[in-house]
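**Q** First the structure, then my questions, so here it is.
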Amino acid sequence: MQQHLIQCIFLASFMKICTGSDWCYESQHTCSSPCNGPEKWEHANKDCAGRAQSPINIVHRKTLPDERLTAFQFKNYQNSFGGLIKNNGHSVQVTLPHDAFVIGGDLEMPYKAVQFHLHWGNKGGPGSEHTIDGEQYPMELHIVHMKEKHSNLEDALKDPSGVAVLGFFYEESNRVNRKYDPIINALQSIRMTGTNTSLGTVSLEQLIPSQQNLTNYYRYRGSLTTPGCTESVIWTVFENPIPLSKEQLEVFSNLQFKDGKPMVATFRPVQPLNGRMVYRSGGAVVLASATLLVASIAMAMGLSQPN
Ligand SMILES: *[C@@H]1O[C@H](CO)[C@@H](O)[C@H](O)[C@H]1NC(C)=O
Ligand SMILES: *[C@@H]1O[C@H](CO)[C@@H](O)[C@H](O)[C@H]1NC(C)=O
Ligand SMILES: [Zn+2]
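Residue numbers for the sequence shown, in mature numbering (1 follows the signal peptide of the UniProt record, and there is no 0): -20 to -1, 1 to 287.
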């Protein structure tokens, strides 16, 4: 037993030296095949030990309403694209043509969509990266955007506000979400790490809730949730989840990591806030309804006054 333990420690330190840039999720780490799990990601990149890391647990009552967090405008989100969907060994990722972008939401300039990918649990179990009041959703979508002036993500990450990621939760629904058919169907062709297939026609708009359901969101400054963990990300996490059936959520667990094991629990544990503030949209709405209330009281008084 003790010998086994010593061997394991030996192997673990050996791995650390040999494959410093390699990383894995907690679910992949076993004694017989050790790899650098989240608590060792700083060996892959020292930024992973930084003080403004993502994901985080969002405690709603500690968030600050901010009236500058207005509704986003999603430009060209309705355009369909025929992108490649790829199993990259950590997730499924879709590279996007650079024609879709977002403005508003207190972003200082337009940010164009670069790629999206997902984080999920085991067969529809808890799997989101961000949590709300400690609740972990079954899956989370990250649409990665960068400032228009940057030509690639690498350059954008050198800019402290170069990247904006929009995060969307999923929830289990008793109805099949047909808008997700192209993605769900493609998964069977990319079970193995490194494989890709074409996605068919799909638009970003069909993958996210309708615009009127995207006015409530949280905002904070953080990082990529995989190594290099670069702290250049303006995070937006939307409150309203995307519905998928249990069967649809489960299909993601048929994908495989590089070693052939099921690709499950592909999320980083939540990170300390270290004094960061989390803001929430809705300040303006409160203000507007307060104004409305005052106006209607004034009107009611006006009406009741004899003239
Ligand atoms: C997609 O897969 C093909 C082989 O099927 C390969 O030649 C190509 O490089 C892959 N593309 C990407 C972006 O991984
Ligand atoms: C908006 O959200 C509500 C509540 O979650 C839901 O009932 C409704 O179907 C959504 N509307 C659209 C158009 O997605
Ligand atoms: Zn992500």
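The beta carbon of each residue, even a glycine, is placed where N, CA and C say it ideally should be.
1. Which one or two residues does DSSP pair with residue 150 in a beta bridge?
2. May I ask you to list the residues that DSSP assigns as paired with residue 65?
3. With distances taken from CA atoms, which of 218, 167, 118 and 228 is nearest residue 176?
4. Measure the C-alpha to C-alpha separation of residue 107 and residue 130 and round it to an integer number of angstroms.
5. Taking 7 Å as the cut-off, is the C-beta of residue 64 nearer than that to any heavy atom in ligand 1?
6. I'd like to confirm the pairing. Which residues does DSSP put opposite residue 101 in its beta bridges?
7. What did DSSP end up calling residue 3 once you bin it into helix, strand or coil?
8. Which residue wins for smallest C-alpha separation from residue 174, given the options 140, 239, 226 and 198?
9. Considering residue 163, what are the terminal residues of the alpha helix (DSSP H) in which it resides?
10. Among the residues of its own chain, which have a CB less than 6 Å from the CB of residue 260, if the five just before and after it don't count?
11. Does the Cβ of residue 67 lie closer than 7 Å to at least one heavy atom of ligand 1?
12. Can you tell me whether DSSP reads residue 266 as helix, strand or coil?
13. Helix or strand or just coil, what does DSSP make of residue 136?
14. Is the region 178 to 194 touching the region 9 to 19 in the sense that three or more CB pairs, one from each, lie closer than 8 Å?
15. Cβ of residue 176 within 7 Å of any heavy atom in ligand 1?
16. Suppose only complete runs of 3+ residues qualify. What are the beta strand (DSSP E) ranges in the region 181 to 250, listed by chain order?
17. Tell me whether residue 8 sits in a helix, a strand or coil according to DSSP, three-state version.
18. By Cβ distance, which residues of its chain are closer than 6 Å to residue 48, with the 5 residues on each side in sequence left out?
19. How many Å lie between residue 196 and residue 262 at the Cα?
20. Given a cut-off of 8 Å on the beta-carbon distance, is the pair residue 123 and residue 143 in contact?
21. Taking 7 Å as the line, does the beta carbon of residue 75 fall inside it for any heavy atom of ligand 3?
22. For residue 77, count neighbouring Cβ atoms within 10 angstroms of its own Cβ and tell me buried if that reaches 16, exposed if not.
23. Could you check if residue 254 is buried or exposed, using at least 16 other CB atoms within 10 Å of its CB as the buried criterion?
24. Look up residue 106 in the DSSP assignment and say whether it is helix, strand or coil.
25. Is the separation between the beta-carbon of residue 57 and that of residue 245 shorter than 8 Å?
**A** With the given structure in hand:
1. Answer is 119 and 222, bridged to residue 150.
2. Secondary-structure assignment with DSSP links residue 65 through a beta bridge to 74 and 177.
3. Among 218, 167, 118 and 228, the Cα nearest to that of residue 176 belongs to 167.
4. Annotation: residue 107 to residue 130 spans about 31 Å, alpha carbon to alpha carbon.
5. The beta carbon of residue 64 sits closer than 7 Å to at least one heavy atom of ligand 1.
6. Beta-bridge pairing links residue 101 to no other residue.
7. The answer is coil: DSSP assigns residue 3 none of H, G, I, E or B.
8. Ranking 140, 239, 226 and 198 by Cα distance to residue 174 puts 239 first.
9. DSSP places residue 163 inside the alpha helix (DSSP H), whose first and last residues are 161 to 167.
10. Excluding positions up to five away in sequence, the list reads 43, 45 and 198.
11. It does not: the Cβ of residue 67 is nowhere closer than 7 Å to a heavy atom of ligand 1.
12. Confidence is the limiting factor: at residue 266 the pLDDT is only 45, short of 50, which leaves the residue's position unreliable, though a coordinate-based value still follows. Residue 266 falls in the helix class under three-state DSSP.
13. In the structure shown, residue 136 falls within a helical segment according to DSSP collapsed to helix, strand and coil.
14. Too few Cβ pairs lie closer than 8 Å, so no.
15. A distance criterion of 7 Å places the beta-carbon of residue 176 in contact range of ligand 1, judged by its closest non-hydrogen atom.
16. Counting only runs of 3 or more, we get 197 to 202, 213 to 218 and 222 to 225.
17. In the structure shown, residue 8 falls within a helical segment according to DSSP collapsed to helix, strand and coil.
18. Counting only Cβ-Cβ distances below 6 Å, and skipping sequence neighbours, we find 86.
19. When rounded, the separation of the alpha-carbon atoms in residue 196 and residue 262 is 6 Å.
20. For residue 123 and residue 143, no; Cβs fall outside 8 Å.
21. No.
22. That one is exposed.
23. Label assigned to residue 254: exposed.
24. Residue state for residue 106 is assigned as coil, using DSSP reduced to three classes.
25. Not in contact: residue 57 and residue 245 (Cβ atoms no closer than 8 Å).
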